[in-house]
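Each remark here refers to the structure printed beneath this line.
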Amino acid sequence: MGRGEYVVRRLGFALVTVWIAATINFVIFRAAPGDASSQYETCSTCSAAFREHLREELGLNRSLPEQYLLYLKGLAQGDLGESFQTRRPVWDELVDPLLNTLPMLALGMALGLGLGLLVGVVSAWRRRTVADWAPVSVSLFLSALPVQWVGLVLLLLLGGVLPTAGIADPYLRFTDPSWWDVLVDRLAHMVLPALTIGLVWCGSWALIVRSALLDSLGEDYILTARAKGLSNWAIVRRYALRNALPPIVTLICLTAGYLVAGALLVETVFSYPGIGLELYQAVRNRDYAVLQGGFLLLTAAIVLANLAADLLHFRLDPRVTA
Amino acid sequence: MSLTKLWRMARRQPGGAAGAAVLAAIAVAALLAPVLARSGPREKVGGVYQAPSWAHPLGLDDAGIDMATLLLWGARTSLLVGFAAAAVAMLIGGAVGLAAGYLGGRTDTIAMRITDYLLVIPDIPLLLIVAAVWGRSLTSVILIIGLLSWTRTARVVRAQARGLRERVYVKRAKAIGAGNLRILAHHVLPQTVPLLSTLTIFAVGNAILTETAIAFLGLGDPTAISWGRLIQNAFDGQALSRQAWWAIVPPGLAVGVLIVACTLVGRALEERLNPRLRGGHLSVRTFRVAP
Numbered sequence: 014m015g016r017g018e019y020v021v022r023r024l025g026f027a028l029v030t031v032w033i034a035a036t037i038n039f040v041i042f043r044a045a046p047g048d049a050s051s052q053y054e055t056c057s058t059c060s061a062a063f064r065e066h067l068r069e070e071l072g073l074n075r076s077l078p079e080q081y082l083l084y085l086k087g088l089a090q091g092d093l094g095e096s097f098q099t100r101r102p103v104w105d106e107l108v109d110p111l112l113n114t115l116p117m118l119a120l121g122m123a124l125g126l127g128l129g130l131l132v133g134v135v136s137a138w139r140r141r142t143v144a145d146w147a148p149v150s151v152s153l154f155l156s157a158l159p160v161q162w163v164g165l166v167l168l169l170l171l172g173g174v175l176p177t178a179g180i181a182d183p184y185l186r187f188t189d190p191s192w193w194d195v196l197v198d199r200l201a202h203m204v205l206p207a208l209t210i211g212l213v214w215c216g217s218w219a220l221i222v223r224s225a226l227l228d229s230l231g232e233d234y235i236l237t238a239r240a241k242g243l244s245n246w247a248i249v250r251r252y253a254l255r256n257a258l259p260p261i262v263t264l265i266c267l268t269a270g271y272l273v274a275g276a277l278l279v280e281t282v283f284s285y286p287g288i289g290l291e292l293y294q295a296v297r298n299r300d301y302a303v304l305q306g307g308f309l310l311l312t313a314a315i316v317l318a319n320l321a322a323d324l325l326h327f328r329l330d331p332r333v334t335a
Numbered sequence: 002m003s004l005t006k007l008w009r010m011a012r013r014q015p016g017g018a019a020g021a022a023v024l025a026a027i028a029v030a031a032l033l034a035p036v037l038a039r040s041g042p043r044e045k046v047g048g049v050y051q052a053p054s055w056a057h058p059l060g061l062d063d064a065g066i067d068m069a070t071l072l073l074w075g076a077r078t079s080l081l082v083g084f085a086a087a088a089v090a091m092l093i094g095g096a097v098g099l100a101a102g103y104l105g106g107r108t109d110t111i112a113m114r115i116t117d118y119l120l121v122i123p124d125i126p127l128l129l130i131v132a133a134v135w136g137r138s139l140t141s142v143i144l145i146i147g148l149l150s151w152t153r154t155a156r157v158v159r160a161q162a163r164g165l166r167e168r169v170y171v172k173r174a175k176a177i178g179a180g181n182l183r184i185l186a187h188h189v190l191p192q193t194v195p196l197l198s199t200l201t202i203f204a205v206g207n208a209i210l211t212e213t214a215i216a217f218l219g220l221g222d223p224t225a226i227s228w229g230r231l232i233q234n235a236f237d238g239q240a241l242s243r244q245a246w247w248a249i250v251p252p253g254l255a256v257g258v259l260i261v262a263c264t265l266v267g268r269a270l271e272e273r274l275n276p277r278l279r280g281g282h283l284s285v286r287t288f289r290v291a292p
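Chains as they are written, first to last, in the working numbering: chain F, 14 to 335; chain X, 2 to 292.
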């Protein structure tokens, strides 16, 4: 199988996954009792005719297969429906929060990856010493903690030092700030949520890196490199780490789903107006349209991350011909 | 099992032994909660967020309830959710994995396709939707976690069942004329029990962690006291602005300790019961560390 065919297959897999998520979405909400018009049942001024009209407008009076096709057609055109709460298109509700989340997640991932790589490499290198089991125990413990709790503890410890909520200082714009001030303000608001994500995930990532590195350190080419008289650092960086990269990248991309879950909880703790907080509020307001849209959007994001991992695999491991 | 044998096992795997001891201690504390707790789990014994004192070593929460009591009662719910959800996941995952691995062919292809897709779909957002629609009871929380976490089990069990299918004793049983069900029940299933028990322990930890997320998002059972709910309660009850660390720190720490204990026991079991399983392919969260 050639590379092109492999890419096409992965693309197909990605599309089908999104379709399945969409179908789950449809089925779950149709299986629930009542529909969008039942919320008006207790409204005394709304006549039965009004409810009928609403059902007609939303297409709820048609047969289920018809509704399903309509729903898919809407999705294909980027129509995620309308928020129950604000009556705005769900897409408009979600796109700004998503753009707020991405840089925060990126910062968190960078922190977590940096720490995780460092800890993983050191503990694999200094195997069976204090420099191995101490970081490994800490990593194990960190990855066992609830994300939201780590956020709360950070707030408890650093609450006075860094901004604790929101995405920007609401009073900053009255002082005619330069772009630099705005950037610093944004970053300051990002630090705590990102640090929370970084801390929780660096544990798991360190364990992944360590394990992959230990595997490749046992290979014969390491022995050869050592026999050639290369320094330890050169062996680790040029041979061991290089060869451990493909599994590391794959596993880290697989944690993308957990990362999304983490973002949801972290943003709630820090009232960071990202997609996680948006979904949290949607849960609180029973705004199913936004919930559904958010779920689809996040699934699509994760599928994209996995696709990227697959394609990256080609670059990292020339042996892979699928 | 004699005490000396137990001691020898503990010496060989100190991590696993420590984990098992912690797990047992938490389980006993949870069982004896009504006896151990000095006040009721809904009994107001003092002021709002009263700081720790001799009478109440972990202080009081936002309703004046003793935190130590709440932790003891919370252990009950958290453990119940953990083990029950893990059982659901094992039942489904084990059945799918066994069928796919042993039968092979089209069953295998279809089952693995489905798990492939489900593995990619993010748990927590899906959980949110399902929990929002299904309502908020302990049973639905357990079912939701179980129903969303069986895929990993299915994959690992399938891999082993596939290997078992080629074993000579299975082939012999088949040659004598044993039916598929009989072979599965008498020859394949017993062989996967070690693997299943290991996976269960890991799944318990994951389920407890997931429960804290569900509770935090306000989708848990509002009447049940779990560790996840204690964290949520501290957050919603403004414990932060009161600097009431005693309401925030202990429940999360308890979750962390319990999950580390599960992981340690799981890893020890994995090593002991299944030396063939050398890879770190169980799951990302429970990635195996020991070489």
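Ideal Cβ placement from N, Cα and C applies to all residues, glycine included. All values derive from a computational prediction rather than experimental measurement.
Helix, strand or coil at E44(X) [DSSP, three-state]: coil
For P102(F), the first and last residue of its enclosing alpha helix (DSSP H): That residue, P102(F), is in no alpha helix (DSSP H); it is neither H nor E in DSSP.
Cutoff 8 Å: V250(X) Cβ touching any chain F Cβ: yes
L126(F) to A208(X) span [Cα, whole Å]: One alpha carbon belongs to L126(F), the other to A208(X), and they sit about 25 Å apart.
The region 178-189 of chain F / the region 260-270 of chain X touching (three or more Cβ pairs under 8 Å): Taking a contact to require three or more Cβ pairs closer than 8 Å, the region 178-189 of chain F and the region 260-270 of chain X do not qualify as touching.
First and last residue of the uninterrupted alpha helix (DSSP H) at W245(X): For the sequence presented, residue 245(X) should be read as Ala rather than Trp. In this chain, A245(X) is not harboured by any alpha helix (DSSP H), its DSSP state being neither H nor E.
Backbone secondary structure at L61(X) - three-state DSSP: Strand.
Pairwise C-alpha distance: N38(F) and V303(F): Roughly 12 Å between the two C-alpha positions.
Interface positions of the region 299-325 of chain F facing chain X (Cβ-Cβ less than 8 Å), listed along the chain: Taken in chain order, the members of the region 299-325 of chain F whose beta-carbon sits within less than 8 Å of a beta-carbon on chain X are R299, Y301, L304, Q305, G307, F308, L311, T312, I315, V316 and N319.
Extent of the continuous alpha helix (DSSP H) run through C215(F): W192 to L230
The region 188-204 of chain F in contact with the region 215-223 of chain F per 3-pair CB rule at 8 Å: Taking 8 Å as the limit for Cβ pairs, the verdict is that the region 215-223 of chain F does not touch the region 188-204 of chain F.
Positions along the region 157-171 of chain F whose CB lies within less than 7 Å of some CB in chain X: Using a CB distance below 7 Å, the part of the region 157-171 of chain F facing chain X consists of A157, L158, P159, Q161, W162, L165, V166, L168 and L169, ordered along the chain.
Y50(X) versus Q233(X): straight-line alpha-carbon distance, rounded: 15 Å
DSSP beta-bridge partners of D299(X): Here chain X comprises residues numbered 2 to 292, so residue 299(X) is not present and cannot be evaluated.
Cβ-Cβ distance between H326(F) and V262(F) below 8 Å: In this structure, V262(F) lies closer than 8 Å to H326(F) by Cβ.
Of the listed residues L129(X), V194(X), G75(X) and V250(X), nearest to A30(X) (C-alpha basis): Among L129(X), V194(X), G75(X) and V250(X), the Cα nearest to that of A30(X) belongs to G75(X).
Three CB pairs or more closer than 8 Å across the region 211-229 of chain X and the region 295-302 of chain F: Segments in contact, yes.
Cβ distance (whole Å) where I63(X) is taken to contact A240(X) below 8 Å: For clarity, residue 63(X) is Asp in the given sequence; the question names Ile instead. Yes, D63(X) and A240(X) are in contact; Cβ-Cβ is about 7 Å, under 8 Å.
Cβ neighbour criterion (16 or more within 10 Å) applied to S284(X): The predicted model places S284(X) with a pLDDT of 30, which falls under 50 and marks its position as unreliable; any figure quoted below should be read in that light. Buried is the call here.
Given P191(X) as reference, the closest of G95(X), F84(X) and L149(X) once Cα atoms are compared: By alpha-carbon distance to P191(X), the top candidate from G95(X), F84(X) and L149(X) is G95(X).
Proximity test, Cβ basis, 8 Å: T209(F) and chain X: no
Where the alpha helix (DSSP H) containing T177(F) begins and where it ends: T177(F) -> no alpha helix (DSSP H), and no H or E assigned at all.
Exposure label - Y184(F); buried when at least 16 CB within 10 Å: By the Cβ neighbour-count rule, Y184(F) is exposed, with fewer than 16 other Cβ atoms within 10 Å of its own.
Proximal chain X residues relative to G270(F), where beta-carbon distance stays under 7 Å: P123 and D124
Contact check, L124(F) vs L208(F), beta carbons under 8 Å: In terms of Cβ geometry, L124(F) and L208(F) form a close pair [threshold 8 Å].
Test: W246(X) CB closer than 8 Å to a CB of chain F: When Cβ-Cβ separations below 8 Å define contact, W246(X) makes contact with chain F.
Beta-carbon neighbours of L59(X), restricted to chain F and to distances below 7 Å: Taking a Cβ-Cβ cut-off of 7 Å, L59(X) has no neighbours in chain F, whose nearest Cβ is about 15 Å from it.
The region 170-179 of chain X / the region 141-153 of chain X touching (three or more Cβ pairs under 8 Å): no
Cβ pair A160(X), V189(X) closer than 8 Å: no
Among L320(F), S136(F) and L272(F), nearest to S150(F) - alpha-carbon criterion: Nearest neighbour of S150(F) by Cα position, chosen from L320(F), S136(F) and L272(F), turns out to be S136(F).
8 Å Cβ cutoff, A274(F) in contact with chain X: yes
Beta-carbon proximity list for A90(X), same chain, < 7 Å, skipping 5 on both sides: G147, S150, W151, T154 and A204
Cross-strand partners of E65(F) (DSSP beta bridge): In DSSP, E65(F) forms no bridge with anything.
For T272(X), three-class secondary structure by DSSP: In the sequence as displayed, the identity of residue 272(X) is Glu instead of Thr. E272(X) falls in the helix class under three-state DSSP.
Three-state class that DSSP yields for E79(F) in the structure shown: E79(F) falls in the helix class under three-state DSSP.
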